[in-house]
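**Student:**
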Amino acid sequence: MATKQSVSYFIYYKSMKQPLVSIITPSYNNMQFIGECIESVLTQDYPHVEHIIQDGESTDGTLKVLKRYTGSKYNKRILWMSVPDRGQIDALNRALKRARGDILLVLNADDALMPYACSWAVKEMAKHKEAAVVYGDQYLINEKGAITGIGVTGPFDFVKFLCIEQYMATQAAFIRRSCFESVGMWVDQSLETMPDYELWLRIAARYPMQYASKAVTKYRIYPHWDGKHPRTARRFIKAKSTVLERWLTDPAKPYLQTLRKRAYAGLYLWIAEEILNLGNYKDYALYSILSLLTYPKRSTIMRLRTVFYEKLWRKWQQKNL
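Quick note: to get the working numbering, add 2 to the position in the sequence shown (first position is 1).
1. Could you work out which residue in Val-136, Thr-234, Thr-61, Glu-126 is closest to Asp-285 when comparing CA atoms only?
2. Cutting at 6 Å between CB atoms, please list the residues of its own chain near Ala-274, excluding the five before and the five after it.
3. For Glu-177, report the span of its beta strand (DSSP E) as first-last.
4. Would you give the residue range spanned by the alpha helix (DSSP H) that Glu-145 belongs to?
5. Who are the near neighbours of Trp-107 in its chain, counting only those whose CB is closer than 6 Å to its CB and skipping five residues on each side?
6. So, helix, strand or coil for Trp-82, using DSSP?
7. Report the option in Val-161, Val-309, Ala-148, Ser-121 whose CA atom is closest to the CA atom of His-50.
8. DSSP on Ala-171, reduced to helix/strand/coil?
9. Out of Thr-61, Ile-239, Ile-36, Asp-47, state which residue places its alpha-carbon closest to the alpha-carbon of Ile-54.
10. With which residues is Met-211 paired in a DSSP beta bridge?
11. By DSSP, does Leu-250 sit in helix, in strand, or in coil?
12. Gln-90 lies in the alpha helix (DSSP H); which residues open and close that run?
13. How would you write the range of the beta strand (DSSP E) that Ser-29 sits in, first residue to last?
14. Name the DSSP bridge partner or partners of Tyr-286?
15. Keeping to the same chain, check which residues put their C-beta closer than 8 Å to that of Tyr-141; ignore five residues upstream and five downstream.
16. Please list, in chain order, all residues of the same chain as Ala-134 whose beta carbon is under 6 Å from its beta carbon, the five residues on each side excluded.
17. Any idea if Pro-21 is buried or exposed, counting beta-carbon neighbours within 10 angstroms, 16 or more meaning buried?
18. So for Gln-20, helix, strand or coil by DSSP?
19. Ignore the nearest five residues each way along the sequence and tell me which others in Lys-263's own chain have a CB closer than 7 Å to its CB.
20. Looking at the structure shown, is Ile-166 part of a helix, part of a strand, or coil, going by DSSP?
21. Between which two residues does the alpha helix (DSSP H) harbouring Asp-198 extend?
22. Should Pro-28 be labelled buried (16 or more other beta-carbon atoms within 10 Å of its own) or exposed?
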């Protein structure tokens, strides 16, 4: 529930005609990193930011961390709530209903913003008024918060994105509220995971997606995340293939049907790279081979080689630097 102070702040920024940026964070048992996430929002160099945190009644001490951000000092910036939910997607939809910003960003509880992220987004939105989304790159960080690399995305290409040959860093993608509302300001509750893939396709089918080359967030990769487990890879495949089939079988877009093999090869290659980041070499090899068998092409072989050697290099750096 909004406090009197937070409501007055909302009225104040509207009178100043400066866009409010809503950072949305679903949370469950993120005690280890949630504080760092919140602090990265509090230290933004743009003043008009609210942080909507939707916690699913964590049991690990997350609530103890969240309670540090209670009181008049934080009423204007930190709006957290802890109630039972049906998982991350349900939490996201609940948080979206609470958000009041003109610009929105979803930030995982174990990730963090660079100090200039919100001011960068406001400037890019003003520069590209036709764009529904402006997005940048992300630093990769480890469990201790040390930067281990950078994830570069590049200009948006609808076909490449559909075929999972290109990705967008969700935590580096700011959404214009008016455009979001026009396509439905929600994430797909029918999916078990990976709702951002469906969301970006839904938005990109109607609006431009603007890329600007700057790392604006930090994405954490650490060994305790369950993405290392084969069952998680299967959940990812199920969710993305569900969305893929909607597009590939759309009678209004028959030309997309020709992309089936290419799209599934892209899906398997993406899974392989995600698994490699978490040190699962066996399943990396399995999904790499599956990608090549589905849609063989030379560029896939080159990409596999590059990604593998980059992983070995980062691993060496972590041990020796």
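Just so you know, even glycine gets a beta-carbon here, dropped at the ideal spot from N, CA and C.
**Tutor:** In terms of the structure at hand:
1. Thr-234
2. Counting only Cβ-Cβ distances below 6 Å, and skipping sequence neighbours, we find Tyr-286, Tyr-289, Ser-290.
3. In the sequence on display, residue 177 carries Ile and not Glu. It spans 175–178 - the beta strand (DSSP E) in which Ile-177 sits, taken as one unbroken run.
4. Glu-145 -> no alpha helix (DSSP H), and no H or E assigned at all.
5. Reading off the sequence shown, one finds Leu at residue 107, where the question assumed Trp. These residues qualify, in order along the chain: Ile-25, Phe-176.
6. strand
7. Ser-121
8. coil
9. Ile-36
10. Val-135
11. helix
12. 90–100
13. From DSSP, the beta strand (DSSP E) with Ser-29 extends over 23–29.
14. Tyr-286 pairs with nothing; no bridge assigned.
15. Met-116, Ile-149, Gly-151, Ile-152, Gly-153, Ala-217, Thr-219, Lys-220, Tyr-221
16. Arg-178, Cys-181, Ile-205, Tyr-209
17. buried
18. coil
19. Thr-296, Tyr-297
20. Reduced to three states, the DSSP call for Ile-166 is coil.
21. 197–206
22. buried
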